[in-house]
Amino acid sequence: MKEQLKDMQAYQAGLSPEGLKDKYNLDVDLFKLASNENVYGPSPKVKEAIQENLDRIFYYPETDVPQVREALSEFYNINPKTLFFGAGLDEAILTITRTELDDGDKIVTSEATFGQYKRNAIVEGAEVVEVPLKDGYFDLDGILNEIDDKTKMVWICNPNNPTGTYVTHEALENFISQVPDDVLVMVDEAYFEFVNQEDYPNTFELQDKYQNVVLLRTFSKAYGLAGLRIGYVIADESHVNNWDIIRPPFDIGVLTQVAAQAALEDQDYLKDVTSKVVTEREKFYELEASKHFYDSETNFIYVKADRPHDLYEALLEVGAITREFPDGLRISIGFEDQNDKVRRVLESFEF
Ligand SMILES: *Cc1c(COP(=O)(O)O)cnc(C)c1O
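Numbered according to numbering that gives the first Met the number 0, the sequence shown spans residues 0 to 350.
This is the structure we're talking about:
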């Protein structure tokens with residue numbers, strides 16, 4: 000086994016609803032607001048597409064993901080060869096990291112961001128520098144200061160998981176213009192469909208100017224396909240060709256491919272569910288307790304708390320399973336009645 004794995008553990012999933020009920024002696028219906036899934040689920044057309052294709056599941060899937068590739072390239076008006084796929088972004092992050100990093104290389108990111116950037120880098124024997132957040136935001140100047148000759152990648156999660164905050168187009172462009180062009184700037188936009196801000200980056204525009212900019216998006220969050228596993232990356236063709244060398248050839252299943260295509264085609268449904276989520280999100284910011292929240296442009300809210308576990312338990316008592324962090328909780332936005340229960344707890348909790 001690799002030396003660096005000796006201090007690592009498998010991903011720790013939270014307790015199941017049954018496990019939580021036993022541990023906390025609960026007598027309520029539990030609902031999961033812990034992993035930023037879209038509770039409305041995918042477009043009904045996804046279910047139809049899956050049913051129509053059930054007879055094809057004995058075939059291996061097509062390795063090039065041709066229909067989804069074609070649909071995305073039309074949707075974004077980009078060259079289909081600039082698309083790379085993974086069984087979720089999780090796998091894409093793994094494949095890209097495995098391709099790019101050697102022993103002794105370095106990546107730079109922020110503290111309090113998506114954990115897979117760091118985890119995969121460590122597996123490859125790379126050094127990870129995590130620059131502290133600045134009031135809940137990525138400190139882009141701080142990240143710039145850490146880039147040196149050994150640095151191969153920087154990771155920007157925008158909007159960021161778990162804080163929900165975002166960096167503007169101007170700030171991102173200013174940052175990228177100062178990054179050496181042999182360092183990949185990885186921009187993870189897993190939540191961009193929930194963003195409601197004029198100054199949010201147009202990352203495609205930045206890619207036209209800077210070939211080292213890599214854009215990551217997924218069908219898991221807004222499109223409601225977390226259980227089917229497909230994410231995609233847009234990058235210069237030369238990078239995509241390298242990553243494809245080690246991509247597992249059949250990672251995106253037959254039903255996953257038809258589901259993603261159907262989901263992408265139903266933009267009316269996507270707009271409808273994302274606007275419902277945004278309406279619910281705004282209601283959280285009307286609360287007195289919102290002074291404890293970071294500003295969120297996502298389908299979750301980060302609540303800062305000195306005693307996060309007390310808040311976690313108070314929310315469990317009304318049925319909400321949330322995700323605990325050292326200095327707060329992340330609460331995914333659920334159905335209106337679920338959010339109402341959460342909001343009542345937040346209003347009465349003594350921070
Ligand atoms: C959820 C998430 C992903 C991974 O999603 P997949 O389901 O693997 O596509 C990637 N980045 C961020 C920031 C996420 O929150």
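Beta carbons are placed, not taken as given, at the ideal position from N, Cα and C, and that holds for glycine.
Straight-line Cα distance separating Phe203 from Leu100 = In a straight line, the C-alpha of Leu100 is about 25 Å away from that of Phe203.
query = Are Ile142 and Asn119 closer than 8 Å when you measure CB to CB?
reply = Against a cut-off of 8 Å, the Cβ pair of Asn119 and Ile142 comes out as no contact.
Residue nearest to Ile49 in terms of C-alpha spacing, selected from Asp21, Ala262, Ala288 = Ranked by Cα distance from Ile49, the first of Asp21, Ala262, Ala288 is Ala262.
request  = Alpha carbon to alpha carbon, how far is Gly103 from Glu335? Give it in angstroms, no decimals.
outcome  = The alpha-carbon atoms of Glu335 and Gly103 are separated by roughly 49 Å.
key: Cβ neighbour criterion (16 or more within 10 Å) applied to Pro200   = That one is buried.
request  = In the DSSP assignment, find the unbroken alpha helix (DSSP H) run with Phe84 in it and report its ends.
outcome  = It is not in any alpha helix (DSSP H) - Phe84 instead sits in the beta strand (DSSP E) that spans 82-85.
key: Endpoints, the alpha helix (DSSP H) within which Thr255 is located   = It spans 253-264 - the alpha helix (DSSP H) in which Thr255 sits, taken as one unbroken run.
request  = Alpha carbon to alpha carbon, how far is Val302 from Gln206? Give it in angstroms, no decimals.
outcome  = About 34 Å.
key: Test item: CB-CB of Val186 and Leu139 under 8 Å   = It is not a contact, given that the beta carbons lie outside the stated cut-off.
ask   = For Ile244, which option in Ala12, Arg97, Val127, Val184 has the closest C-alpha, if you only look at C-alpha atoms?
value = The option with the nearest alpha carbon to Ile244 is Arg97.
query = According to DSSP, is Lys1 helix, strand or coil?
reply = Under the three-state reduction of DSSP output, Lys1 falls in the coil class, being neither helix nor strand.
key: In chain order, each alpha helix (DSSP H) run of at least 4 residues that lies wholly inside the region 163-227   = Counting only runs of 4+ residues, the alpha helix (DSSP H) found wholly inside the region 163-227 occupies 168-175, 202-208, in chain order.
key: C-beta contact flag for Phe193 and Asn298 at 8 Å   = Asn298 is positioned such that its CB atom lies closer than 8 Å to that of Phe193.
Selection from Asn52, Asp235, Asn35, Phe113 that minimises the alpha carbon distance to Gln260 = Comparing Cα positions, the closest option is Asn52.
task = State whether the region 120-127 contacts the region 262-281, with contact taken as three or more CB pairs (one from each stretch) at a distance under 8 Å.
result = Per the Cβ contact rule, the region 120-127 is not in contact with the region 262-281 (fewer than 3 Cβ pairs under 8 Å).
C-alpha distance - Lys31 paired with Arg329, whole-angstrom precision = Roughly 12 Å between the two C-alpha positions.
ask   = Do you know whose CA, among Phe191, Val182, Ala170, Phe174, lies nearest Asp148's CA?
value = With respect to the C-alpha of Asp148, the residue from Phe191, Val182, Ala170, Phe174 having the closest C-alpha is Val182.
key: Integer-rounded CB distance, given that Phe249 should sit under 8 Å from Tyr59   = Contact annotation, Tyr59 with Phe249: C-beta distance approximately 5 Å; criterion of less than 8 Å satisfied.
ask   = Which class does Ser289 belong to by DSSP, given the choice of helix, strand or coil?
value = Looking at Ser289 - three-state DSSP - the assignment turns out to be helix.
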